[in-house]
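Asker: Residue numbering for the sequence shown follows numbering that gives the first Met the number 0, starting at 0 and increasing by one per position.
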Amino acid sequence: MRNERVDPARVCRSLPGTGKPRTMVIDAQTRIWPSVDRLGRETSEILRRVRADRWIKESAEPEQLQDSLDCVDGALVFAYRADRQDACVPNEWVAEVTAKSRGLLMGVAGIDPLANDVFGEVDRAVEMGFVGITVCPSDQGFHPTHSSAMRLWERCESLALPVFVSRPGPVGPGAVLEFDRPLAWDEVARSLPGLSVVLSGIGAPWVEETLVLLQKHARIFADTAGLVHRPWQLFQALLGANSMDIVDKLLFASGWPTETPAKAIETIYSINAFSQGTQLPGIPRSQLRAIVERDVATTLGIPIAGGRSTPSDPPITTPPGVADATGESTSD
0 MRNERVDPAR
10 VCRSLPGTGK
20 PRTMVIDAQT
30 RIWPSVDRLG
40 RETSEILRRV
50 RADRWIKESA
60 EPEQLQDSLD
70 CVDGALVFAY
80 RADRQDACVP
90 NEWVAEVTAK
100 SRGLLMGVAG
110 IDPLANDVFG
120 EVDRAVEMGF
130 VGITVCPSDQ
140 GFHPTHSSAM
150 RLWERCESLA
160 LPVFVSRPGP
170 VGPGAVLEFD
180 RPLAWDEVAR
190 SLPGLSVVLS
200 GIGAPWVEET
210 LVLLQKHARI
220 FADTAGLVHR
230 PWQLFQALLG
240 ANSMDIVDKL
250 LFASGWPTET
260 PAKAIETIYS
270 INAFSQGTQL
280 PGIPRSQLRA
290 IVERDVATTL
300 GIPIAGGRST
310 PSDPPITTPP
320 GVADATGEST
330 SD
């Protein structure tokens with residue numbers, strides 16, 4: 000199979016005059032934060048110790064995100080909350096950002112299942128227009144089948160809110176890694192077959208467990224965030240998914256700011272470079288294209304109307320009480 004360098008803008012949209020229908024490409028996971036401190040004590044300390052510019056940006060402002068989305072039609076942008084880590088990228092701030100993006104961004108609310116007012120938070124998230132929730136079991140300190148978590152999943156199933164299982168940065172020393180095992184979601188999926196669950200990074204480092212879950216449960220999916228900047232690991236995961244005929248359960252996600260959507264798309268389309276000149280199998284290009292162009296709205300049952308901001312949009316401000324990129328609060 001001949002490997003070609005890919006122009007992400009070309010594969011995202013049909014060229015004028017080709018007569019081919021325009022493809023709606025949605026990035027299923029991006030993040031913003033005004034300061035890395037908002038990601039929690041341990042995560043911010045690790046990022047600064049190992050040079051944040053090599054792993055993840057120390058600040059990930061909304062304007063920077065929108066500037067990186069030229070080759071896609073929309074993106075899901077995640078808030079974050081992990082009380083035991085003092086981590087909070089506020090839902091209210093993300094809601095303001097998405098409201099001013101003219102449909103380009105769709106919010107995913109950060110919910111801590113062990114918070115005192117978790118159901119109130121979910122109700123407020125729905126009122127603010129969020130299309131799903133995101134959790135990180137290892138950082139938040141809960142097993143997916145914890146009684147409080149199960150009640151939350153039941154509420155999400157009733158509201159048709161997908162649950163995105165993801166972390167915003169490297170694993171800290173206080174993270175309970177066994178809570179991140181993908182197989183922990185097997186009981187959840189058996190109990191709540193109508194609940195949509197998306198496992199970030201194809202569940203890495205437990206990719207094989209994730210593939211089994213994707214094959215077993217109709218409403219469990221996985222995204223490519225976290226693996227698109229590790230092409231060899233992504234190649235192996237895609238080979239496994241293709242061999243099990245479950246590529247249709249994979250969603251395109253860049254995980255910005257760890258990777259840009261353009262680079263992520265280029266990586267996916269160029270992934271067969273690893274098999275060139277070897278006896279390794281490759282992934283059919285049609286399958287790679289299907290990942291990038293998957294209809295996220297239909298797949299997850301959420302309203303997505305990709306749009307694009309205009310120069311007349313008002314600037315996105317940092318709301319009171321939220322630290323800006325320098326770490327200073329805007330509260331009086």
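All residues carry an ideal CB built from backbone N, CA and C; glycine is no exception.
1. Measuring alpha carbon to alpha carbon, tell me which residue in Ser269, Pro167, Asp26 is nearest leucine 38.
2. Cβ of alanine 108 within 7 Å of Cβ of alanine 78?
3. Between the Cα of isoleucine 332 and the Cα atoms of Arg284, Leu113, Leu64, which residue gives the shortest distance?
4. Which runs of the beta strand (DSSP E), 3 residues or longer, sit entirely within the segment 87-153?
5. Among Gly140, Cys70, Cys87, which residue has its Cα nearest to the Cα of isoleucine 264?
6. With the cut-off set at 7 Å, would you say alanine 132 and valine 88 are in Cβ contact?
7. Taking 8 Å as the threshold, find out whether the segment 212-222 comes into contact with the segment 187-197 through three or more Cβ pairs.
8. CB arginine 180 to CB tryptophan 205, shorter than 7 Å?
9. By Cβ distance below 8 Å, which residues in the same chain neighbour valine 121 in space, the five residues on each side in sequence not counted?
10. Does DSSP put isoleucine 282 in a helix, a strand or coil?
11. What are the start and end residues of the beta strand (DSSP E) that includes threonine 366?
12. Leaving out five residues on either side along the sequence, give the residues of the same chain with a beta carbon under 6 Å from the beta carbon of histidine 216.
13. Would DSSP call alanine 159 helix, strand or coil?
14. Look up alanine 348 in the DSSP assignment and say whether it is helix, strand or coil.
15. For the beta strand (DSSP E) that aspartate 222 lies in, which residues bound it at each end?
16. Between the alpha carbons of proline 280 and tryptophan 92, how many angstroms are there, rounded?
17. Going along the chain, which residues of its own chain have a beta-carbon closer than 8 Å to the beta-carbon of proline 192, five neighbours each way excluded?
18. Below 7 Å between beta carbons: does that hold for serine 67 and threonine 259?
19. Can you tell which of Ala240, Asp85, Val246 has the C-alpha that lies nearest to the C-alpha of glutamine 139?
20. Between the alpha carbons of glycine 171 and leucine 226, how many angstroms are there, rounded?
21. Tell me which residue opens and which closes the beta strand (DSSP E) that glycine 73 is part of.
22. Report the option in Leu210, Ala59, Pro256, Leu250 whose CA atom is closest to the CA atom of leucine 238.
23. Between the alpha carbons of arginine 47 and phenylalanine 178, how many angstroms are there, rounded?
24. Among the residues of its own chain, which have a CB less than 7 Å from the CB of alanine 174, if the five just before and after it don't count?
25. Could you tell me if asparagine 271 is buried or exposed, where buried requires 16 or more neighbouring beta carbons within 10 angstroms of its beta carbon?
26. Report buried or exposed for phenylalanine 118, applying the criterion of at least 16 other Cβ atoms within 10 angstroms of its Cβ.
27. List the endpoints of the continuous beta strand (DSSP E) containing valine 24.
Answerer: In short:
1. Pro167
2. In contact: alanine 108 and alanine 78 (Cβ atoms closer than 7 Å).
3. Outside the shown range of the chain (0 to 331) lies residue 332, about which nothing can therefore be said.
4. 104-109, 131-134
5. Cys70
6. Residue identity differs from the one stated: residue 132 is isoleucine in this sequence, not alanine. No.
7. yes
8. yes
9. Ala108, Ile110, Ile132, Leu151, Arg154, Cys155, Leu158, Leu160
10. If DSSP states are grouped into helix, strand and coil, isoleucine 282 belongs with coil.
11. Since the first residue of the chain shown is 0 and the last is 331, residue 366 is not available in this structure.
12. Ala188
13. Of the three classes helix, strand and coil, the one that applies to alanine 159 here is coil, per DSSP.
14. Look at the range of the chain in this structure, 0 to 331, and you will see that residue 348 is not part of it.
15. Taken as a continuous stretch (DSSP letters only), the beta strand (DSSP E) holding aspartate 222 covers 219-222.
16. One Cα belongs to proline 280, the other to tryptophan 92, and the distance between them is close to 45 Å.
17. His216, Ala217, Arg218
18. Pairing serine 67 with threonine 259 gives a Cβ-Cβ distance under 7 Å.
19. Asp85
20. 19 Å
21. Under the DSSP assignment, glycine 73 falls in the beta strand (DSSP E) whose first and last residues are 73-77.
22. Nearest to leucine 238 by C-alpha distance, out of Leu210, Ala59, Pro256, Leu250, is Leu210.
23. 26 Å
24. Ser137, Asp138
25. buried
26. exposed
27. From DSSP, valine 24 is part of no beta strand (DSSP E); its letter is neither H nor E.
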